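Student: Take a look at the following structure, please.
Numbering (my numbering), first residue to last: 13 to 283.
Structure, rendered in structure tokens:
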């Protein structure tokens, strides 16, 4: 009997080792709702073993906090990302970080956000989805509203909410950017570019991330960085203005200038 048990044990060990070896060489082709935490961890570890394990284990703990409908939507989006051959790092990594953070910090934003990402992934191109993931990650973890190789716009506030306009999904008009927007409450909006920075104080508005336009309402611009006190020289912005966040400079009409110095031409030139 002992020999029989030993033989069975050896067979079991060989089978387990063989199964593990086969799994190591497997390629994830589709995620399933039932096994998603294990599958996504395995998928991440194929690219970066240590980092993949860390993120996967963290995500597995939060998975049970999602209701079934949210779990299903996460798996649907993950499968679309997989079909688009999006990389485990950075895109899947950032996707998981977002779905863990966004429902906790901005619960009203989660459904509009994942609905928007699902739409972008259903479209022909994948660049909008990549940009949207990068933008959301930057917003949540770095307060970054827009970032390129030379320009970075940042907000000093977490007072924002995503909204999703379903009617544009069925529209034939070329206005996909109106599908999703970010509504910001009162904040300071700062532009960093080539070692310099400029700030718009106490503004609010809506940001359309796909076309990188911010539609602002009110605010204040000062010239402190060139030596003028913010109480002496400043501009009050109108109730409606537009900024292209791909640029560090901007022009706004109908502003109200307060200047307690005589060098008005110098101030306008500096702007």
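Don't be surprised by glycine CBs; every beta carbon is placed ideally from N, CA and C. Values in this document were obtained by computation on a predicted structure and should not be read as measured data.
Just the Cα atoms here: how many angstroms apart are residue 233 and residue 41?
Tutor: On the chain shown, residue 233 is found 221 positions in, with the first residue counted as 1. On the chain shown, residue 41 is found 29 positions in, with the first residue counted as 1. If you take the alpha carbons of residue 233 and residue 41, they lie about 52 Å apart.
Student: Measuring straight from C-alpha to C-alpha, what distance separates residue 236 and residue 262?
Tutor: As a working mapping, residue 236 is identified with position 224 in the chain shown. As a working mapping, residue 262 is identified with position 250 in the chain shown. In a straight line, the C-alpha of residue 236 is about 18 Å away from that of residue 262.
Student: Taking the alpha-carbon of residue 253 as reference, which of 215, 270 and 243 has the nearest alpha-carbon?
Tutor: Counting from one through the chain shown, the residue named residue 253 turns up at place 241. When each option's Cα is compared against that of residue 253, the closest is 215.
Student: Taking DSSP as the reference, what is the three-state secondary structure of residue 220?
Tutor: Within the chain shown, numbered from 1, the residue matching residue 220 stands at position 208. DSSP places residue 220 in strand when its eight states are reduced to three.
Student: Between the alpha carbons of residue 45 and residue 88, how many angstroms are there, rounded?
Tutor: What you label residue 45 is simply residue 33 of the chain shown in a count that begins at 1. What you label residue 88 is simply residue 76 of the chain shown in a count that begins at 1. Looking at the two C-alpha atoms, the distance is approximately 9 Å.
Student: Give the range of the alpha helix (DSSP H) segment to which residue 93 is assigned.
Tutor: Counted from its first residue, the chain shown places residue 93 at position 81. First-last of the alpha helix (DSSP H) with residue 93: 80–95.
Student: Compute the Euclidean distance between the alpha carbons of residue 267 and residue 247, then round it to the nearest angstrom.
Tutor: Residue numbering aside, residue 267 sits at position 255 when the chain shown is read from its first letter. Residue numbering aside, residue 247 sits at position 235 when the chain shown is read from its first letter. C-alpha separation (whole angstroms): 6 Å.
Student: Which residues does DSSP pair with residue 111 in a beta bridge?
Tutor: Locating residue 111 in the chain shown gives position 99, where the first residue counts as 1. DSSP output for residue 111 lists no bridge partner at all.
Student: Do you know offhand how far residue 228's Cα is from residue 217's?
Tutor: Counting from one through the chain shown, the residue named residue 228 turns up at place 216. Counting from one through the chain shown, the residue named residue 217 turns up at place 205. Using only the alpha carbons, I get a separation of about 4 Å.
Student: So, helix, strand or coil for residue 3, using DSSP?
Tutor: The question about residue 3 has no answer, for the chain in this structure spans 13 to 283.
Student: Measuring CA to CA, which of 112, 272 and 123 is closest to residue 175?
Tutor: In the chain shown, residue 175 corresponds to position 163, counting from 1. Of the listed residues, the one whose Cα sits closest to residue 175 is 123.
Student: So, for residue 57: in the same chain, excluding its five sequence neighbours on each side, which residues have a beta-carbon less than 8 Å away from its beta-carbon?
Tutor: Position 45 of the chain shown, counting from 1, holds the residue named residue 57. Closer than 8 Å at the Cβ level, and outside the excluded window around residue 57, lie 64, 65 and 68.
Student: Which term fits residue 194, buried or exposed, when burial requires 16 or more other beta carbons within 10 angstroms of its beta carbon?
Tutor: For this step, residue 194 is matched to residue 182 along the chain shown. Label assigned to residue 194: buried.
Student: Need the endpoints of the beta strand (DSSP E) that residue 165 sits in, please.
Tutor: Counting from one through the chain shown, the residue named residue 165 turns up at place 153. That run of the beta strand (DSSP E) goes 163–167.
Student: Could you check which residue in 108, 95 and 61 has the C-alpha nearest to that of residue 82?
Tutor: Working through the chain shown from its first residue, we reach residue 82 at position 70. For residue 82, the nearest C-alpha among the options comes from 108.
Student: Just reading off the beta strand (DSSP E) that residue 175 is part of, what are its end residues?
Tutor: Position 163 of the chain shown, counted from the start, is the residue given in the question as residue 175. Counting along the chain, the beta strand (DSSP E) containing residue 175 begins and ends at 172–176.
Student: Between which two residues does the beta strand (DSSP E) containing residue 149 stretch?
Tutor: As a position in the chain shown, residue 149 is number 137, starting the count at 1. Not the beta strand (DSSP E): residue 149 falls in the alpha helix (DSSP H), residues 139–154.
Student: Residue range of the beta strand (DSSP E) that residue 246 falls in?
Tutor: As a first step, residue 246 must be located in the chain shown, where it is residue number 234. Residue 246 -> beta strand (DSSP E) spans 245–248.
Student: Which residues in the same chain as residue 75 place their Cβ atom closer than 6 Å to its Cβ, once the five residues preceding and following it in sequence are excluded?
Tutor: Position 63 of the chain shown, counting from 1, holds the residue named residue 75. Contacts found: 49.
Student: Could you name the residues that DSSP lists as bridge partners for residue 98?
Tutor: For the purposes of this step, residue 98 is identified with residue 86 of the chain shown, where counting begins at 1. None, per the DSSP bridge assignment.
Student: Put residue 195 into one of helix, strand or coil per three-state DSSP.
Tutor: The count along the chain shown starts at 1 and reaches residue 195 at position 183. If DSSP states are grouped into helix, strand and coil, residue 195 belongs with the strands.
Student: Between which two residues does the alpha helix (DSSP H) containing residue 47 stretch?
Tutor: In the chain shown, counting from the first residue as 1, residue 47 sits at position 35. From DSSP, residue 47 is part of no alpha helix (DSSP H); its letter is neither H nor E.
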